Amino acid sequence: MELFYSEDIRDGRVRLDPEESAHLVRVLRHRAGDEVSVIDGHGTLCRCVLELADARGAELRIIQEEPGFGAHPYQLTMAVCPTKNIDRYEWFVEKATEIGVDVIAPVIGERSERRVLKTDRLRRIALSAAKQSLKAAIPQIAEPQSVRDFIASAPADALKLICYCFDDVERTLISAALSQLEIPDGSSQPAGSAAGKPVATHGLVNGRGPLTESVGGMSEAKVCGNSCLPGEERPIIILIGPEGDFSPEEAALARGAGWIPVSLGESRLRTETAAVVAATAMYLFTA
Numbered sequence: 003m004e005l006f007y008s009e010d011i012r013d014g015r016v017r018l019d020p021e022e023s024a025h026l027v028r029v030l031r032h033r034a035g036d037e038v039s040v041i042d043g044h045g046t047l048c049r050c051v052l053e054l055a056d057a058r059g060a061e062l063r064i065i066q067e068e069p070g071f072g073a074h075p076y077q078l079t080m081a082v083c084p085t086k087n088i089d090r091y092e093w094f095v096e097k098a099t100e101i102g103v104d105v106i107a108p109v110i111g112e113r114s115e116r117r118v119l120k121t122d123r124l125r126r127i128a129l130s131a132a133k134q135s136l137k138a139a140i141p142q143i144a145e146p147q148s149v150r151d152f153i154a155s156a157p158a159d160a161l162k163l164i165c166y167c168f169d170d171v172e173r174t175l176i177s178a179a180l181s182q183l184e185i186p187d188g189s190s191q192p193a194g195s196a197a198g199k200p201v202a203t204h205g206l207v208n209g210r211g212p213l214t215e216s217v218g219g220m221s222e223a224k225v226c227g228n229s230c231l232p233g234e235e236r237p238i239i240i241l242i243g244p245e246g247d248f249s250p251e252e253a254a255l256a257r258g259a260g261w262i263p264v265s266l267g268e269s270r271l272r273t274e275t276a277a278v279v280a281a282t283a284m285y286l287f288t289a
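Residue numbers (my numbering): 3 to 289.
Below is the structure:
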């Protein structure tokens with residue numbers, strides 16, 4: 003299935019911009035009467051009939067709408083420090099979009115080597131990845147802000163997880179933290195399982211012994227996306243630091259604000275790898 007994107011959808015009609023129109027008409031050689039699928043970027047797929055095959059501005063008539071097309075049953079924000087090599091961060095944006103996230107928030111830490119990035123380019127990458135992975139919703143790309151500001155502004159009701167490498171505090175594996183959440187139908191998943199599937203929780207954190215930190219209050223959490231009823235949604239935020247990790251002050255600030263320290267296992271991961279692993283853990287929990 004080939005997906006197209008339009009911001010101009012109204013009154014049962016769709017108009018494509020010149021770039022999408024040229025791809026539709028000149029590259030794929032669609033003609034009037036062909037059926038075409040268009041996403042609105044907010045979760046709805048429009049099945050359309052091409053009426054005006056104009057490479058400068060194709061026009062289509064909607065015959066069916068499918069809300070929630072390609073949606074995931076959770077609300078996830080990935081707050082990730084930009085990498086020094088921007089190609090690695092762009093790779094993360096692409097893969098996170100394919101996996102399923104709602105917001106990608108670039109955050110600048112005290113040890114970040116890159117402090118400037120082009121969010122418009124990241125949005126184009128996210129759009130391309132959403133179409134490729136058959137999703138009608140495109141992740142929001144937030145404007146960069148400092149780690150401190152992001153920690154302070156995070157919603158109080160969110161499940162807030164911070165991944166870092168310090169040894170001064172016990173951490174739970176992210177799979178164990180997520181296993182205490184509830185899936186949208188309201189059935190609670192026992193620790194060590196997800197949607198009826200086993201989850202590896204392991205017994206060690208960085209080789210230091212059994213997990214000792216409890217994850218208080220999460221047994222009542224709910225994870226859901228567009229299918230939730232009002233008031234049921236609990237956002238999930240995962241915070242990933244730069245190559246040099248968070249500063250001790252940033253980590254202490256996060257813990258003081260209720261962020262839960264989590265581990266992604268014993269391997270030392272690059273920033274972009276850690277972010278993809280964390281997003282994948284959330285995806286597999288609800289698979």
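Note that the Cβ used here is the ideal one computed from N, Cα and C, for glycine as well. All of these numbers come straight from a predicted model, not from anything done at the bench.
In terms of DSSP beta bridges, what is residue i paired with?
i, result
"THR46", "PRO69"
"TYR7", "ILE41"
"ARG12", "ARG15"
"LEU241", "ALA81, ILE164"
Buried or exposed for residue i, going by 16 or more other Cβ atoms inside 10 Å?
i, result
"ALA259", "exposed"
"GLY14", "exposed"
"MET284", "buried"
"ARG272", "exposed"
"ASP89", "exposed"
"VAL264", "buried"
"THR214", "In this prediction, THR214 has a pLDDT of 31, which is less than 50 and means its spatial position is unreliable; what the coordinates show is noted afterwards. By the neighbour-count rule (16 or more Cβ atoms within 10 Å), THR214 is not buried but exposed."
"ILE65", "exposed"
"GLY373", "The chain is shown from 3 up to 289; residue 373 falls before or after that span and cannot be answered."
"VAL118", "exposed"
"THR121", "exposed"
"ARG236", "buried"
"PRO250", "exposed"
"GLU37", "exposed"
"GLU9", "exposed"
"GLU154", "It should be noted that the sequence gives Ala, not Glu, for residue 154. It is exposed - the Cβ of ALA154 has fewer than 16 other Cβ atoms within 10 Å."
"LEU30", "exposed"
"GLY4", "Residue 4 is actually Glu in this sequence, not Gly. So GLU4 counts as exposed."
"ARG63", "exposed"
"ARG12", "exposed"
"LYS86", "exposed"
"LEU269", "The sequence given here places Ser at residue 269; Leu does not occur at that position. Counting Cβ neighbours within 10 Å, SER269 comes out exposed, since fewer than 16 surround it."
Excluding the five sequence neighbours on either side, which residues of its own chain have a C-beta within less than 8 Å of the C-beta of residue i, listed in chain order?
i, result
"GLY59", "ARG17, LEU18, ASP19, PRO20, SER23"
"ARG28", "ALA57"
"ASP159", "ARG236, PRO237"
"GLY218", "Low per-residue confidence applies at GLY218: pLDDT is 34, beneath 50, and the placement is therefore not dependable, though the value from the model is reported in the following sentence. Nothing meets the Cβ criterion."
"GLU67", "THR46, LEU47, CYS48, ARG49"
"VAL278", "PHE94, LYS97, ALA98, ILE101"
"LEU129", "TYR7, GLY43, ILE140"
Looking only at its chain, what residues have a beta carbon closer than 7 Å to the beta carbon of residue i, apart from the 5 residues adjacent to it on each side?
i, result
"HIS44", "ALA139"
"TRP93", "GLU274"
Using a Cβ-Cβ cutoff of less than 6 Å, which residues in the same chain neighbour residue i once the five nearest sequence positions on both sides are dropped?
i, result
"SER114", "CYS83, PRO244"
"LEU206", "At LEU206 the pLDDT is 27, less than 50, meaning the model places this residue with poor confidence; the figure from the coordinates comes in the next sentence. For LEU206, where only same-chain residues beyond five positions count, there are no Cβ hits under 6 Å."
"ARG210", "A caution first: ARG210 carries a pLDDT of 30, below 50, which makes its placement in the model unreliable, though a value can still be read off. So no residue of the chain qualifies."
"GLY72", "LEU136, LYS137, ALA138"
"ALA1", "Residue 1 falls outside the range modelled here, since the chain spans only 3 to 289, and no answer is possible."
"ILE240", "MET80, LEU163, ALA280"
"SER148", "ILE110"
"ASP247", "TYR166, CYS167"
"ARG33", "ALA55"
"LEU52", "HIS32, ALA34, ASP36, VAL38, LEU62"
Counting contacts by CB-CB distance shorter than 7 Å, is residue i in contact with chain B?
i, result
"ILE239", "In the structure shown, chain B cannot be found, because there is only a single protein chain."
Exercise. State whether the stretch 130-144 contacts the stretch 171-179, with contact taken as three or more CB pairs (one from each stretch) at a distance under 8 Å.
Key: no
Exercise. Scan the stretch 50-111 and note each continuous beta strand (DSSP E) run of 3 residues or more that stays entirely inside, going in chain order.
Key: 61-69, 78-82, 105-110
Quiz item: Could you give the uninterrupted runs of the beta strand (DSSP E) lying entirely in the stretch 126-180, keeping only those of 3 residues or more?
Solution: 161-165
Quiz item: Below 8 Å, can you find three or more Cβ-Cβ pairs linking the stretch 46-54 to the stretch 238-257?
Solution: Flag = no, the stretch 46-54 and the stretch 238-257 do not touch.
Quiz prompt | Segment contact flag, the stretch 63-80 with the stretch 101-110, C-beta cutoff 8 Å, min 3 pairs | solution = yes
Quiz item: Where in the stretch 248-273 do unbroken runs of the beta strand (DSSP E), each at least 3 residues long, occur, reported from the N-terminal end onward?
Solution: 262-265
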